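Residue numbers (UniProt numbering), protein chains in the order written: chain A, 1 to 354; chain B, 1 to 354. Every residue gets a Cβ at the ideal spot worked out from N, C-alpha and C, and that includes glycine. Since this is a predicted model, take the numbers as computed values, not measurements. Comments concern the structure below.
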């Protein structure tokens, strides 16, 4: 056992890494040797710990099971050809999990606890991060309510954890999307802007219905009118009309995506006009009919950029033919170059793990 | 160990009941000796079990923690003066947890598994049900996603459990409510009609804000316009204007409450006009100003009926003076009389546990 300032580290005796086939990783299904954990009790965060990855013991009445106080983040670590490890804008994830926590009446975590836990965990399990384009370590910080008791009120105990899953290049296949006409992801005045666990479960059933009709994803529209395009549930969405990029403003129903805001900055630096404003279903359908709609792509940490090959609305499919100078392809390359330390980082987004 | 048909029962060696002060029970904080549990694996519900109440082991990547696939029910068991035990419309809870599960892309549980588990668990822990008005055993069935893995898709493993908490008469104190003007509970096209865990966490923060201003509960309004009154989050709501009762229709944002529908039936049988239709904030404010608003009360399993002493809207408090012939008080008595086996059960709502 080692102890750094306040962090207690208990190492696993033998790594299980030899059992892992790094060429056949289903996303988010294999976890590394260790995990980070810190409990909130009596109004205070307790001793943070890194321990061997393994099951946790929960009272069956723990509030996370009954009232859904649970928020999370998604991040990645990358290894360059020299074996150095980098994160991408990690403080933004720390800020956002606290924004999410506040909306769910959960305590915020101090930055130093988050960052130290993350850095030490990555150093300990650094062998699990493989170099090479597409390889990364997916990082899942999450925060759950652990107080036993079924009264419908905020928990007084919490557990914040970080777990790590090695990931390969995310190939989603050809993705056809459908614009939501009936079901909704988020209410205005609700928790759609938070990475709240319940936002995801709510999408599974309507997404299954879309899959039965041959679509891989739903692009959610506003719950009030279904006239404005919001996000894809696990990704923000960009629309390229002519040479302009359109994306919805973040508000209380749309996640403030880190990939989204990075791409807006990259696009503007490249001289591309970006309109951050409500995007009407009608204008996208009309642009498609006029041949002006060049690209729709989803953006997020897991996949970086996912180009959509078609969208459906009111039973009609609209095909998209990716142009030669695809913005989506370019942004993915630009971001990956920064993430893998292959290019200058003008924006200060890359953070070395050491 | 005993086995009934398919249910396996493992008893606790010594009951912990002697340690419990039944005159000082905080709601939902003390649990009985046993719990019911059944797992869903490989597309099938497995051997149901009753085991001693205690912690469960969960992988930290279990989907309930990350994506919020979790639904629950609330029910009660009552004991009459002869020591016989009764449930109130239990099949409706079974139906509703399956409705909730379907919306969250979770498997439905067969009725016989639910009912047998419930009945056997109640018989085993029947000493925890105290006779006498106000005493009951609160029953919490719940259903959670247990598959390890952080890909955002429905779980392929689940756990369905029932836990039991002895309860005393629920005295909520004097309850002032505020009509929601900014925050929302549910999106149309969303999961508001399901008893989904995430619906509750989403209310905690705005409810805390209301509490800071001196209100105990929020009555949620529609997320689109905030012009129509929906529900109180853990209770449906009735408004008495003159001698008429108004309550919102159940739809995709409002829970189909069992107490709610029972009260509608009781009211109609008593010759009271019940209007089940959208209830505008405006008409309630105007009725209050005209002296026509006699009562507002919340209804639900935990408290049966909670009269509200005032409501606030746009910063103005409107006091309610409960009339002598309070509908709320009468319905609570009528329901309790059926629940405690003190009166004829015309509707077939009471189910004996034996």
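- Item | Selected residue, minimal CA-CA separation from residue 287 of chain A, among A:230, A:246 and A:25 | By 1-based counting over the first chain, the position of residue 287 of chain A is 287. If we check each option's Cα against that of residue 287 of chain A, A:246 comes out closest.
- Query: By the 10 Å Cβ neighbour count, where 16 or more other Cβ atoms means buried, how is residue 176 of chain B classified, buried or exposed?
  - Reply: On the second chain, residue 176 of chain B is found 176 positions in, with the first residue counted as 1. Residue 176 of chain B should be labelled buried.
- Message: Does the CB of residue 59 of chain A have a neighbour CB from chain B at under 8 Å?
- Response: Residue 59 of chain A sits at position 59 when you count from the first residue of the first chain. It does; some Cβ of chain B falls within 8 Å.
- What does residue 34 of chain A touch in chain B if you count any residue whose Cβ is under 8 Å from its own? Here residue 34 of chain A refers to the residue found at position 34 when the first chain is read from its first residue. Near residue 34 of chain A there are no residues of chain B at all, since even the closest Cβ is about 11 Å away, more than 8 Å.
- Query: For residue 145 of chain B, which of helix, strand or coil comes out of DSSP?
  - Reply: By one-based count along the second chain, residue 145 of chain B stands at place 145. Under the three-state reduction of DSSP, residue 145 of chain B is assigned to strand.
- Task: For residue 216 of chain A, name the three-state secondary structure that DSSP assigns.
- Result: Position 216 of the first chain, counted from the start, is the residue given in the question as residue 216 of chain A. DSSP, read as helix, strand or coil, puts residue 216 of chain A in coil.
- Message: Would you call the region 63-71 of chain B in contact with the region 196-210 of chain B, where contact means no fewer than 3 C-beta pairs closer than 8 Å?
- Response: Verdict: yes, contact present.
- Between the C-alpha atoms of residue 238 of chain B and residue 230 of chain B, what's the straight-line distance to the nearest angstrom? One-based indexing of the second chain puts residue 238 of chain B at position 238. One-based indexing of the second chain puts residue 230 of chain B at position 230. Looking at the two C-alpha atoms, the distance is approximately 10 Å.
- Query: Out of B:52, B:37, B:54 and B:350, which has the shortest C-alpha to C-alpha gap to residue 46 of chain B?
  - Reply: Within the second chain, residue 46 of chain B is the residue found at index 46, counting from 1. Taking only the C-alpha atoms, the option nearest residue 46 of chain B is B:37.
- chain A beta carbons: is any one of them nearer than 8 Å to that of residue 306 of chain B? As a working mapping, residue 306 of chain B is identified with position 306 in the second chain. Any Cβ of chain A closer than 8 Å to the Cβ of residue 306 of chain B would place that residue at the interface, and such an atom is absent.
- Message: Any beta carbon of chain B sitting closer than 8 Å to that of residue 191 of chain A?
- Response: Within the first chain, numbered from 1, the residue matching residue 191 of chain A stands at position 191. Yes, residue 191 of chain A lies at the interface with chain B (some Cβ there is under 8 Å from its Cβ).
- Item | Residue interval of the beta strand (DSSP E) (run including residue 37 of chain A) | By one-based count along the first chain, residue 37 of chain A stands at place 37. It spans 34-41 - the beta strand (DSSP E) in which residue 37 of chain A sits, taken as one unbroken run.
- Query: Between B:271, B:269, B:264 and B:270, which lies nearest to residue 277 of chain B when the distance is taken from Cα to Cα?
  - Reply: Looking up residue 277 of chain B in the second chain gives position 277. Ranking the options by Cα distance to residue 277 of chain B, first place goes to B:264.
- Three-state secondary structure assigned by DSSP to residue 102 of chain B: The residue labelled residue 102 of chain B in the question sits at position 102 within the second chain. In this structure, residue 102 of chain B counts as helix in the three-state DSSP scheme.
- Might you give, ordered along the chain, the residues of its own chain that have their beta carbon closer than 6 Å to the beta carbon of residue 163 of chain B, omitting 5 neighbours on each side? Here the question's residue 163 of chain B lines up with position 163 in the second chain. The residues are 31, 35 and 140.
- Query: Roughly how many whole angstroms lie between the Cα atoms of residue 296 of chain A and residue 266 of chain A?
  - Reply: Walking along the first chain from the start, residue 296 of chain A turns up at place 296. Walking along the first chain from the start, residue 266 of chain A turns up at place 266. Rounded to the nearest angstrom, the two C-alpha atoms are 17 Å apart.
- Query: Does the beta carbon of residue 77 of chain A come closer than 8 Å to any beta carbon on chain B?
  - Reply: Along the first chain, one-based indexing puts residue 77 of chain A at 77. For residue 77 of chain A, the answer is no, since every Cβ of chain B falls outside 8 Å of its Cβ.
- Message: 8 Å is my cut-off, CB to CB: does residue 163 of chain B come that close to chain A?
- Response: As a position in the second chain, residue 163 of chain B is number 163, starting the count at 1. It does; some Cβ of chain A falls within 8 Å.
- Message: Pull the bridge partners of residue 44 of chain A from the DSSP assignment, please.
- Response: As a first step, residue 44 of chain A must be located in the first chain, where it is residue number 44. For residue 44 of chain A, which the question treats as bridged, DSSP gives the partners A:41.
- Query: Residues in its own chain within less than 7 Å of residue 305 of chain B by CB, not counting five upstream and five downstream?
  - Reply: Here residue 305 of chain B refers to the residue found at position 305 when the second chain is read from its first residue. In its chain, beyond the 5 residues on either side, 297, 299, 328, 331 and 332 have a beta carbon closer than 7 Å to the beta carbon of residue 305 of chain B.
- Closer than 7 Å at the beta carbon, the chain B residues around residue 103 of chain A: Translated into positions along the first chain, residue 103 of chain A becomes position 103. Result: 205.
- Item | Within 7 Å of chain A by C-beta, residues of the region 133-149 of chain B in sequence order | Taking 7 Å as the Cβ-Cβ cut-off against chain A, the residues of the region 133-149 of chain B that qualify are 140, 142, 144 and 149.
- Could you tell me which chain B residues have their CB closer than 9 Å to the CB of residue 234 of chain A, listed as they occur along the chain? The residue you call residue 234 of chain A lines up with position 234 of the first chain. Chain B residues near residue 234 of chain A: 152.
- Task: Would you list, in chain order, the members of the region 220-246 of chain A that have their beta-carbon closer than 7 Å to a beta-carbon of chain B?
- Result: Residues 223, 224 and 234.
- Compare the beta carbon distance of residue 280 of chain B and residue 223 of chain B with 8 Å and say whether it is the shorter of the two. Position 280 of the second chain, counting from 1, holds the residue named residue 280 of chain B. Position 223 of the second chain, counting from 1, holds the residue named residue 223 of chain B. Pairing residue 280 of chain B with residue 223 of chain B gives a Cβ-Cβ distance that is not under 8 Å.
- Query: If we ignore side chains and look at the alpha-carbon of each, how far apart do residue 114 of chain B and residue 94 of chain B end up?
  - Reply: If you number the second chain from 1, residue 114 of chain B lands on position 114. If you number the second chain from 1, residue 94 of chain B lands on position 94. Between residue 114 of chain B and residue 94 of chain B, the C-alpha separation is close to 7 Å.
- Query: Can you check whether the CB of residue 233 of chain B is closer than 8 Å to the CB of residue 138 of chain B?
  - Reply: The residue given as residue 138 of chain B occupies position 138 in the second chain. The residue given as residue 233 of chain B occupies position 233 in the second chain. Taking the C-beta atoms as reference points, residue 233 of chain B is found no nearer than 8 Å to residue 138 of chain B.
- Query: Residues of chain B with CB under 7 Å from residue 200 of chain A, in chain order?
  - Reply: Indexing the first chain from 1 puts residue 200 of chain A at position 200. Result: 67, 68 and 152.
- Query: So which residues on chain A does residue 322 of chain B lean against when the C-beta distance must stay under 8 Å?
  - Reply: Working through the second chain from its first residue, we reach residue 322 of chain B at position 322. By Cβ distance, chain A contributes nothing, its closest Cβ being about 25 Å from residue 322 of chain B, past 8 Å.
- Query: Do three or more CB pairs link the region 208-228 of chain B to the region 209-219 of chain A at distances below 8 Å?
  - Reply: At 8 Å Cβ cutoff, the stretches do not touch.
- Item | Residues that residue 261 of chain B contacts on chain A, provided the C-beta gap is smaller than 7 Å | As a first step, residue 261 of chain B must be located in the second chain, where it is residue number 261. Listed along chain A, no residue sits closer than 7 Å to residue 261 of chain B by beta-carbon distance, the nearest being about 21 Å off.
- Task: Output, in chain order, the set of chain B residues within a Cβ distance shorter than 7 Å of residue 160 of chain A.
- Result: Taking the first chain and counting its residues from 1, the one referred to as residue 160 of chain A is at position 160. Those within 7 Å of residue 160 of chain A in chain B number zero; the least Cβ separation is about 11 Å.
- Amino acids of chain A, ordered along the chain, whose beta-carbon sits closer than 8 Å to that of residue 183 of chain B: Looking up residue 183 of chain B in the second chain gives position 183. Correct list: 189 and 190.
- Item | Coil, strand or helix - residue 348 of chain A by DSSP | For the purposes of this step, residue 348 of chain A is taken as residue 348 along the first chain, with counting starting at 1. Under the three-state reduction of DSSP, residue 348 of chain A is assigned to coil, being neither helix nor strand.
- Along chain A, in chain order, which residues have C-beta atoms closer than 7 Å to that of residue 178 of chain B? In the second chain, the residue the question calls residue 178 of chain B occupies position 178. Neighbours of residue 178 of chain B on chain A: none; closest Cβ ~14 Å, over 7 Å.
- DSSP state of residue 248 of chain A, grouped into three classes? In the first chain, residue 248 of chain A corresponds to position 248, counting from 1. In the structure shown, residue 248 of chain A sits in coil (DSSP, three-state: anything other than H, G, I, E or B).
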